[in-house]
DNA sequence: AGACATATGCTAACAGTTACTATTTTAACT
DNA sequence: AGTTAAAATAGTAACTGTTAGCATATGTCT
């Protein structure tokens, strides 16, 4: 993998954000500093950075995947209406990963546990 | 809510399926019996049936939402590559819903806990 | 500096889903 | 049964998040 200015900017933008940004949010942020960065480049780099383990891809239902610079093991809660994401420190039973692996053959990925619901704000509407 | 033949077909199709079908899969199934049912109708009815609690919407990352006629509390595991879904009987700590509610304000929905990973088959490729 | 691989920006394409609209179907009331 | 109003339908077009294709530009190695 070759160095590129754009890739560095993408990585920094995610790491500097506390919002679990989407690709579009990263793009909007970066346009201020690199006005002609391309959305495709943002997507491509978010993908390669996730695949190489430098970022975490949070596969989100309905609202577009989000990215996380915090590589420590943790889970996420998402509001299915507004798409907002919270970190949550849920301690799944010790053997959950093994049980899933045995029962289904699926290897659970980092950040792979997503809990969906409806947030207070959206419930009011 | 007024009765409609199409809505009944949609509900039956999901309940009769053990595959957690997507909207498109329900549509393809129903076309055999109701050749000019519309995809929009399938989507609309899956939504209203989920909202009224007669089906469960499983918010799935990346692969399109799935629907479940089994209303009993259970969680799901999904392969992020092929999109296949398994039921899994994970007992989250008793207070998980309350903890999430207190920490984030999010009310966890039924079927809202989704664990993503990579299945054996896809790992081979 | 020269050469080659890789990355970029741009545009077009694609999948899943929702919105729109004219027509049809259901349900309630004569 | 016939009338009417609300709600649902089929079909199409539009919208969003994402990926692909291609000509140009940039990073790396000698």
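Chains as they are written, first to last, in the numbering used here: chain A, 71 to 195; chain B, 71 to 195.
C-beta atoms are modelled at their ideal positions from N, C-alpha and C, and glycine is treated no differently.
Everything numeric in this text was worked out from a predicted model, so none of it was measured.
Handout entry: Same chain, Cβ closer than 8 Å to residue 171/B, five either side skipped, listed in chain order
Key = Position 101 of the second chain, counting from 1, holds the residue named residue 171/B. So the qualifying residues of the chain are 177 and 178.
Exercise for the section: Output, in chain order, the set of chain B residues within a Cβ distance shorter than 8 Å of residue 91/A. Expected result: Residue numbering aside, residue 91/A sits at position 21 when the first chain is read from its first letter. Chain B residues near residue 91/A: none, gap ~16 Å exceeds 8 Å.
Practice task
Residues of the stretch 161-189 of chain A with a CB closer than 8 Å to any CB of chain B: list them in chain order, please.
Solution key: 161, 162, 163, 166, 169, 170, 173, 174, 175, 176, 177, 178, 179, 182, 183, 184, 185, 186, 187, 188 and 189
Exercise for the section: Determine the DSSP secondary structure at residue 159/B, reduced to helix, strand or coil. Expected result: Reading the second chain from its first residue, position 89 is the one you call residue 159/B. Three-state DSSP puts residue 159/B in coil, outside helix and strand.
Exercise for the section: Go to residue 75/B, then tell me how far its alpha helix (DSSP H) extends in each direction, as first and last residue. Expected result: Here residue 75/B refers to the residue found at position 5 when the second chain is read from its first residue. Taken as a continuous stretch (DSSP letters only), the alpha helix (DSSP H) holding residue 75/B covers 75-86.
Exercise for the section: Answer with yes or no whether the minimum CB distance from residue 138/B to chain A is below 9 Å. Expected result: What you label residue 138/B is simply residue 68 of the second chain in a count that begins at 1. For residue 138/B, the answer is no, since every Cβ of chain A falls outside 9 Å of its Cβ.
Handout entry: Beta-carbon neighbours of residue 71/B, restricted to chain A and to distances below 9 Å
Key = For the purposes of this step, residue 71/B is taken as the residue at position 1 of the second chain. Near residue 71/B there are no residues of chain A at all, since even the closest Cβ is about 21 Å away, more than 9 Å.
Exercise for the section: Throw me the rounded Cβ distance for the residue 134/A and residue 185/B pair, which I believe falls under 8 Å. Expected result: To locate residue 134/A, count along the first chain from 1; it is residue 64. To locate residue 185/B, count along the second chain from 1; it is residue 115. Not confirmed; about 19 Å, so no contact.
Exercise for the section: May I ask you to report which of helix, strand or coil DSSP gives residue 117/B? Expected result: The count along the second chain starts at 1 and reaches residue 117/B at position 47. Three-state result, residue 117/B: helix.
Exercise for the section: Give the interface partners of residue 149/A over in chain B, defined as CB-CB distance under 7 Å, in chain order. Expected result: For this step, residue 149/A is matched to residue 79 along the first chain. The answer, in chain order, is 176.
Practice task
Can you pull the chain B residues whose beta carbon is under 9 Å from the beta carbon of residue 94/A, in chain order?
Solution key: Numbered from 1 along the first chain, position 24 holds the residue referred to as residue 94/A. Those do not exist, as residue 94/A stays about 16 Å from chain B at its closest Cβ, beyond 9 Å.
Exercise for the section: Hey, could you find the ends of the alpha helix (DSSP H) residue 173/B is sitting in? Expected result: For the purposes of this step, residue 173/B is taken as residue 103 along the second chain, with counting starting at 1. That run of the alpha helix (DSSP H) goes 166-174.
Practice task
Give every residue of the same chain whose Cβ lies closer than 7 Å to the Cβ of residue 113/B, excluding the five residues on either side of it in the sequence, and list them in chain order.
Solution key: If you number the second chain from 1, residue 113/B lands on position 43. Contacts found: 93.
Exercise for the section: May I ask you to report which of helix, strand or coil DSSP gives residue 190/A? Expected result: By one-based count along the first chain, residue 190/A stands at place 120. Looking at residue 190/A - three-state DSSP - the assignment turns out to be helix.
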